[in-house]
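>
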Amino acid sequence: MGIILIFIDGFGLSEPVTTNPYFFAATPCLDNLLEGHHFYASSMPLFSNAVTAKAVDAKLGVEGIPQSATGQTAIWTGINAQKRLGYHLHGLPNSQLKSIIIEHNIYRRLKALGKSVIFANAYRPSFFSSNHSYVSVSTFAAISAGLCLCTVDDLKMGTAVYQDITNKALQRMGEDVPLVPPVSAGKNLGQISKQFDLTVFEFFQSDIVGHKRDFIKALEIWTLLDEFLGGLLTNINLAEDLVIIISDHGNMEDLSHSRHTSNLVPLVGIGYGHRALRDVSNICEITPLIEEMHRRNDFHEIKGDLSASR
Ligand SMILES: [Zn+2]
Numbered sequence: 000m001g002i003i004l005i006f007i008d009g010f011g012l013s014e015p016v017t018t019n020p021y022f023f024a025a026t027p028c029l030d031n032l033l034e035g036h037h038f039y040a041s042s043m044p045l046f047s048n049a050v051t052a053k054a055v056d057a058k059l060g061v062e063g064i065p066q067s068a069t070g071q072t073a074i075w076t077g078i079n080a081q082k083r084l085g086y087h088l089h090g091l092p093n094s095q096l097k098s099i100i101i102e103h104n105i106y107r108r109l110k111a112l113g114k115s116v117i118f119a120n121a122y123r124p125s126f127f128s129s130n131h132s133y134v135s136v137s138t139f140a141a142i143s144a145g146l147c148l149c150t151v152d153d154l155k156m157g158t159a160v161y162q163d164i165t166n167k168a169l170q171r172m173g174e175d176v177p178l179v180p181p182v183s184a185g186k187n188l189g190q191i192s193k194q195f196d197l198t199v200f201e202f203f204q205s206d207i208v209g210h211k212r213d214f215i216k217a218l219e220i221w222t223l224l225d226e227f228l229g230g231l232l233t234n235i236n237l238a239e240d241l242v243i244i245i246s247d248h249g250n251m252e253d254l255s256h257s258r259h260t261s262n263l264v265p266l267v268g269i270g271y272g273h274r275a276l277r278d279v280s281n282i283c284e285i286t287p288l289i290e291e292m293h294r295r296n297d298f299h300e301i302k303g304d305l306s307a308s309r
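Quick note on numbering that gives the first Met the number 0: the sequence shown kicks off at 0 and runs consecutively.
#1: What does DSSP give as the partner residue(s) for THR51 in the beta ladder?
#2: Check each candidate in GLN190, PHE22, SER261, ASP206 and name the one with the smallest Cα separation from ALA54.
#3: Hey, TYR133 and LEU197 are a contact pair by Cβ (cut 8 Å); roughly how many whole angstroms apart?
#4: Do SER246 and PHE22 have their C-beta atoms within less than 7 Å of each other?
#5: Quick check on the burial criterion: 16 or more other C-beta atoms within 10 angstroms. Buried or exposed for TYR86?
#6: Does the distance between the C-beta of GLY9 and the nearest non-hydrogen atom of ligand 1 fall short of 6 Å?
#7: Jot down the residue ranges of each uninterrupted beta strand (DSSP E) in the region 112 to 143, minimum 3 residues, whole runs only, in chain order.
#8: What's the call for ARG108, buried or exposed, on a 16-neighbour Cβ count within 10 Å?
#9: Consult DSSP for ASN234 and reduce its assignment to one of helix, strand or coil.
#10: According to DSSP, what are the bridge partners of ASP2?
#11: If you measure from the CB of ASP206, is any heavy atom of ligand 1 nearer than 6 Å?
#12: When we look at the beta-carbon of SER41 and count the other beta-carbons within 10 Å, is it buried (16 or more) or exposed?
#13: Which residues in the same chain as THR150 place their Cβ atom closer than 8 Å to its Cβ, once the five residues preceding and following it in sequence are excluded?
#14: Report the CB separation of SER257 from HIS210 in whole angstroms; it is logged as a contact under 8 Å.
#15: Could you give the first and the last residue of the continuous alpha helix (DSSP H) run that contains GLU34?
#16: By how many angstroms is the C-alpha of LEU228 removed from the C-alpha of LEU218?
#17: At the level of alpha carbons, what is the spacing between GLN204 and ALA111?
#18: Counting only the same chain and skipping the five closest in sequence on each side, list residues whose C-beta sits under 7 Å from that of ASP225.
#19: For the alpha helix (DSSP H) that ARG258 lies in, which residues bound it at each end?
#20: Could you check the C-alpha separation between SER192 and LEU288 for me, to the nearest Å?
#21: Given a cut-off of 7 Å on the beta-carbon distance, is the pair ILE235 and GLY189 in contact?
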């Protein structure tokens, strides 16, 4: 019984309009899950036997456009970081957010329950020789919880996944790694997850593409993600495992401009206990829900106060 949490940066929900790449994207795996090409805000919520898909709030009661540092802190900790700061902070976490991450991050919370956790993203050798002063929320959360970060050697063995899924970016930077088809990368993530109670993977090319307003690349990313998800689902047991997909703010769903959006973001649950996501209304409730599922060793019927009021 494991949870695979896939975080996709800058991945909001829009409508079937020409500025939304998803409107034109080929996504057979997701279409099959959602029983149609329904990944739109107005189509949510979608409930089926295998899937719960919702549009959830990323603003958390704070004025302005949601940003990465606060949004990701909210996801990785369950704390309303925006509210604590009083604004949405972009980019990397500041000292106040780092304090929240150290105390409340999802890895630490699950380890306290005796659960095994992994952040499955691989890091380049140069990362390990740096002092880690400027790192994202995801990286800081893993380091502060004492996790061993995955390496290029892990990638070669299929025991990690690179942030771009295929290793193409790594090859361009001169690393001697094989290209991995998205389906295979998804299967690799599934294989990794078999050894852990929680497996986390972060993908942020979506946010980069949104800022660049690169429509062609955005379509490629949709295909990439769809194939990756398809591969993952063939290599996990949906009767025992739960896949959760979440984002920190919108961006790639609206290429009419190059900024983040205040759109709702998708929350998708696939597999065992997915119905427990029905009551989730914002990004702050993900970590408490996952913690509660593992505390009970039961992913069903999780109720109670998971609100972002802390
Ligand atoms: Zn961004």
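For every residue, glycine included, the Cβ atom is placed at its ideal position computed from N, Cα and C.
Computed from a predicted structure; not experimentally measured.
On the basis of the coordinates in this document:
#1: PHE46, GLY268
#2: SER261
#3: Wrong, their Cβ atoms sit about 26 Å apart, outside the cutoff.
#4: no
#5: exposed
#6: yes
#7: 116 to 118
#8: buried
#9: coil
#10: Note that residue 2 is Ile in the sequence shown here, rather than Asp. Partner(s): LEU197, LEU241.
#11: yes
#12: exposed
#13: ALA121, TYR122, PRO124, PHE127, ALA159
#14: 5 Å
#15: Run containing GLU34: none; DSSP gives neither H nor E here.
#16: 15 Å
#17: 32 Å
#18: THR26, PRO27, CYS28, LEU29
#19: Counting along the chain, ARG258 falls outside any alpha helix (DSSP H), and DSSP gives it neither H nor E.
#20: 19 Å
#21: yes
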